[in-house]
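Before any comments, here is the structure.
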Amino acid sequence: MEIVATVALLHLCLCATAAVSGGDSTETAMTAAPGDVVILPCYSVGNVTPISTTWMKNGQEVIRSDGSSPTLSPAGQRLAVLHDGSLNINGVIPGDEGTYNCSSTLPGNITFHARALLQVTRGPEKISVSIFPATALSNGTLIAYQGSTVFFNCSGSSYPSQQLTWTFSGNSSSNKLLFTDSKSWLYFRIEDIQARAQGIYSCSANNTVSHQTANKSTQLLVYYVPDRHPECMWLPGNDASHVQFICTWFGAYPLPTLRWVESPGDQGARLKEKVYASEVTDSLSVTLNRSMLSEGQMLRCMAQHPALAQGKEKSCSFTLKPPYPKGEPLVTTLEATSLTLTCTESVSIPPANTTWRKGLKQDVIVPGSKYVLSVEGPVFKLTILNITKDDEGVYFCRSENPLAVKELEVYLTVKTSSAYTGAAIGVFIAVLIVGLVAIIAKLAYSNRHRIFLGDGFGQMEDSGDVLSLVESDDEQIFQDAVPRLPPLTNGHHTTLVQIHRIPLSDHEDAETADTSPQQQEDTVHREEPVELVTF
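Just so you know, we're using the working numbering here: the sequence shown kicks off at 791 and counts up by one.
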């Protein structure tokens, strides 16, 4: 029953596709696939049964019928002439295509001619798409990595000919024709593939005879890892003891896995990590308070991605440090002047909030006509205008970050101008005294060869003895009168000291006159000897 229905349907199609019809001839064009049953019509003008029918293919007779009953051809019995003269081809094969001519003899010795053009087609079939190198996901999607060279190949089978075409549909574009050719396969490649090349690639095969089309599509994803590392930053929390740490790594496809950890600094010591947060995203934040932070603590943001090698990660980190403001602790100035106090804080991580305060109660200094606050990089300045005694006291440079609060204490002393005048006079007198001492010392040193001594090196004023120091090398006045002492063993010369008795007053002459001649002689003899003293 199915065969009869198929034959009837094909016959209807043949009748509908008749290209030319006339009084004694018709022409029909048909296509069939291998295995199909085809009926080529001969006399279809009326219901008259031909007396005889002859079918020829490409000028050669293939089958003849006398019209009494269906006649089968001896060649596999695939060809048969039906009672109305039509040619039935059972199981079309490649090679059956060609031009068929029918000659039918009708009652009344009338001859009718018909022609049929049969085209045998197959496919397209066996469409195959190959994209490599690529990794297949569980859903069949392919993955390539940015920067690699990807090869695309498509093949199919069509008879008698086909047209292969590659098209691409991306996220922001419609179907785009890439390549087309009338071959059994179609090949192209993309070098240094980028993220914009990800999308759906389709290969279509079109039978140029039957115009039948078949296609196959594959989604290709281009995994991309940014060359840069993640970026770590922080934002103030609800109060000074809280801080929000933020990690971002934009541009990766697909989204990476980010996690905030407290790391001991050893990349291999994963078991010691304390994980604060982990998520598949390109931006991850976590809020910590002062009780969870400590000096020297290392916070690290780790980024994992399928495009990275197995076990490899990219990261950013920072080591927490408390603030440490620095400056001069003692400052002195004069009344009616202006003074700038400076404080430097550049070591805190996260950065500290630094303010100037005054007094033991640490009242916050508000800028105005009295105070001017300014910041130059890590230097925080407080300028006090028109200083008075009331400005004297303690000032605080207070720095606070989520780890701790540190303060620099600066004590300001205010002096009056009179106090500085007295100090200047005191300095002048001190300098004058030092200068006089220096002059006296220089004069004494220049007259060091004259020193007055008394008898027995005492009683200078009463005895009147004069001590003359003479360098043996410079003066030779004693060479004849006093024998030279032998030099010392260390090579230095000997200094000769000669003591002379010099009368000091007339009173002494009177005393001499009153003495007896014997006493005077003793005195003369006592003056004659010359005493030599060697140092």
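A virtual CB, placed ideally from N, CA and C, is assigned to each residue, including glycine.
> Excluding the five sequence neighbours on either side, which residues of its own chain have a C-beta within less than 6 angstroms of the C-beta of L907, listed in chain order?
Replying inline: A819, T889
> For the candidate residues S1081, R1090, A1228, T1130, whose alpha-carbon lies nearest to that of S1068?
Replying inline: R1090
> Can the beta-carbon of T1047 be found closer than 8 angstroms to that of Q1094?
Replying inline: yes
>> Just to confirm the assignment, what range does the beta strand (DSSP E) spanning V1204 have?
In response: 1195-1205
> When the Cα of V1154 is compared with those of F1186, L1175, A1142, which residue comes out closest?
Replying inline: F1186
> Nearest to K1064 by CA position, among S1073, D1072, E1052, is which residue?
Replying inline: E1052
>> Using only CA atoms, which one of I933, Y949, F922, C993 lies nearest to F941?
In response: F922
>> My assumption, with CB atoms under 8 angstroms, is that S945 sits in contact with S918. Please give the rounded CB distance.
In response: 5 angstroms
> Can you tell which of K1104, Q1152, K1232, V835 has the C-alpha that lies nearest to the C-alpha of S894?
Replying inline: V835
> Is it buried or exposed for Y1336, if we count other Cβ within 10 angstroms and need 16 for buried?
Replying inline: There is simply no residue 1336 to check, as the chain begins at 791 and stops at 1325 in what is shown.
>> Quick check: T931 and L1011, are their CB atoms within less than 8 angstroms of each other?
In response: yes
> What are the start and end residues of the beta strand (DSSP E) that includes Y1066?
Replying inline: 1064-1070
> On the three-state DSSP scale, how would you describe S920?
Replying inline: strand
> Mapping DSSP to helix, strand and coil, what is G989?
Replying inline: strand
> Under the rule that 16 or more other beta-carbon atoms within 10 Å means buried, what is F978, buried or exposed?
Replying inline: exposed
> If you count every other CB in all the chains shown that lies within 10 Å of the CB of E1135, and 16 or more means buried, which is it?
Replying inline: buried
> With a Cβ-Cβ cutoff of 8 angstroms, do T1206 and E1182 count as a contact?
Replying inline: no
> Where does I1139 sit, in a helix, a strand or coil, going by DSSP?
Replying inline: strand
> Would you call the stretch 990-1005 and the stretch 1017-1034 in contact, with 3 or more CB pairs under 8 angstroms?
Replying inline: no
> Where does Y1235 land, buried or exposed, given buried means 16+ other C-beta within 10 angstroms?
Replying inline: exposed
> Run through DSSP, which three-state label would Y1235 get?
Replying inline: helix
>> I'd like to check one pair, L967 with C993: are the Cβ atoms closer than 8 angstroms?
In response: no
> Among residues of its own chain, excluding the 5 on either side of A924, which ones have a beta-carbon nearer than 8 angstroms to its beta-carbon?
Replying inline: L932, I933, A934, V940, L1010
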